[in-house]
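Chains as they are written, first to last, in our numbering: chain A, 316 to 626; chain B, 37 to 334. Data first, discussion second: the structure below is written as structure tokens.
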């Protein structure tokens, strides 16, 4: 017997119909735990002129994966290694943004869709995409342009197939940033939600949707939990769920995180662990850990594990 | 001495302080905006192109979002969605309120350039999100008569002890002006989380308003990303802090202008390391930046 998975439309219907309930002090408890972890670091951060220090999901993931790499990515930006996947992600993301903002207006087809998406990415410059990604999109032409257009249209169609049409009174919106300032703004936890439904003054629970253009990676689960933590502490009401939808080349995958206390505690624990890693970095004794990121690590050339042949 | 007249927060007081702060520099024309308050590293700033302020979709989306919020506050008895607030904002200004130049987004209003269809769409997307976040923050404040203030500027002529004249233009731009229980409040909408820089920017904006002889009782800092509002009374303490901020920023600008004029080598200009080192184009060519990164093992 097979049971069909509920569509995203059905899940949203259920979550948005739930009553919004006070967090009963949960946000304060979580915040207190995070503040306590920053406390011992503060003097060192200020002395090193590292304030304000922003930790987003990539930096947290890097620090938890390997403290050498985590410290390095805090200190400098590295060039995008694989431009095409980033460019495809950006295009899909902006198509979703267009779809939400126009409340589900029909998307153009084929090359017209790609051209519009490219223009939207360019118009959004300064909002994140690296120069090399914009250059890649600007350089698409001929058969390559047509192939990218087909790919974008197919991914967008698959992704949005089971989404409900955005409704004004459910406060659909895009690119919503959430931050938590710790120690008076010395450390900032930061995230940007791709799509948000409900919440704010809508009178409904919040649901966060993350859009991906490749396969589901293991760290996406941690990112969902981090976003749930940000929204809970900011709004003092936990979101109902964080959903990641990935439109890969062949199909759509979805991971759903319904938010509860255990999930939020886990997310806070991960931030505390990353701050512990940062403390070791600043003390000059970061823990180097082998991972699947090692082959593309930007500090590989000075890594002890590599020198010792352990990765 | 009453704050805001000839004492703290007054023009004479500020001019005297600017004169002292600029002693030793050749005549300089300095233009300051709130953006300049956060500048810290003279070496990096010597590299920064001296571009005039140019409107971008990023600034447009904030301006349109704030304007939609004004429309929403003006219709406080109705439960508007962010989309409806944005739509109404485009349709017209509330009575007594200076209209927002929507043609700036719609046609050839942005200098010689027209905003493209794509730019208009990303602006609308950002405005809707901003008003969704601002609405629950500002609604409990009971703000009345909201309006978008005009950009303000003030030219201060400072005569330093060596009798050379410097002109300093201070540009101010509060996002929103309103009354709260009869008191005049200016609202600043800022991204990110509250920090020391935001207090300095609020102080700067309060000083510009005061120097123009207008009354402002408090500055409200609204942080939609953080879900917080902070209220700073405009008093002698804040205005005194603002004078310090202006003097430091003008001195910083004079150092940068002087280094450019004299075509100084970058290593001859002082550097101040900080989080900006992460993005600085000088990279490892700057010893201070290298040292800053070294503490992170990079």
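Even for Gly, the Cβ is constructed at its ideal location relative to N, Cα and C. All values derive from a computational prediction rather than experimental measurement.
For residue 325/A, the closest C-alpha among the options 391/A, 478/A and 339/A is that of 478/A. Your pair residue 530/A and residue 483/A does not check out as a contact, with CB atoms roughly 33 Å apart and the cut at 8 Å. Residue 257/B is bridged by DSSP to 224/B and 266/B.
Boundaries of the beta strand (DSSP E) around residue 508/A: 502-512. For the pair residue 290/B and residue 82/B, the CB atoms are not nearer than the 8 Å cut-off. Annotated three-state conformation of residue 251/B is coil, per DSSP. When DSSP states are grouped into helix, strand and coil, residue 496/A belongs to the strand group.
Setting aside the 5 residues that flank it on each side, residue 582/A is surrounded in the same chain by 540, 541, 543 and 544, each with a C-beta closer than 7 Å to its C-beta; the list follows chain order. Counted as a single uninterrupted DSSP element, the beta strand (DSSP E) harbouring residue 181/B occupies residues 179-183. By the criterion of at least three beta-carbon pairs nearer than 8 Å, the stretch 222-242 of chain B is in contact with the stretch 495-505 of chain A. Comparing C-alpha distances from residue 413/A to each of 367/A, 591/A, 608/A and 490/A shows the shortest one belongs to 490/A. If you draw a straight line from the Cα of residue 396/A to the Cα of residue 385/A, it is about 17 Å long. Residues of the same chain with a CB within less than 6 Å of the CB of residue 277/B, apart from the 5 flanking positions on each side, are 239 in chain order. Closest by C-alpha distance to residue 193/B, out of 53/B, 44/B, 334/B and 315/B, is 53/B. Interface criterion met: the Cβ of residue 484/A is under 8 Å from a Cβ in chain B. Contact note: residue 157/B reaches chain A through 413, 416 and 435, using a C-beta cutoff of 7 Å and chain order. The secondary-structure analysis by DSSP pairs residue 523/A across a beta bridge with 511/A and 557/A.
Residues of the same chain with a CB within less than 8 Å of the CB of residue 418/A, apart from the 5 flanking positions on each side, are 480, 481, 482, 483 and 487 in chain order. Counting only unbroken stretches of 4 or more residues, the alpha helix (DSSP H) elements lying wholly within the stretch 103-133 of chain B are 118-127, in sequence order. Residue 207/B sits in a strand when the DSSP states are folded into three classes. Annotation for residue 101/B: 163, 166 and 167 place their beta carbon closer than 6 Å to its own, counting only its chain and skipping 5 residues before and after. In terms of CA proximity to residue 448/A, 399/A leads the group 438/A, 462/A and 399/A.
Minimum Cα-Cα distance from residue 255/B among the listed residues 211/B, 64/B, 140/B and 170/B corresponds to 211/B. Taking C-beta atoms under 8 Å as the contact rule, residue 242/B and residue 274/B qualify, at a distance of about 6 Å. Nearest C-alpha to residue 453/A among 573/A, 576/A, 595/A and 406/A: 406/A. Any Cβ of chain B closer than 8 Å to the Cβ of residue 519/A would place that residue at the interface, and such an atom is absent.
Among the residues facing chain B, residue 495/A is included, as its CB has a counterpart in that chain under 8 Å away. In terms of beta-carbon proximity, residue 154/B lines the interface with chain A, with at least one pair separated by less than 8 Å. In terms of beta-carbon proximity, residue 489/A lines the interface with chain B, with at least one pair separated by less than 8 Å.
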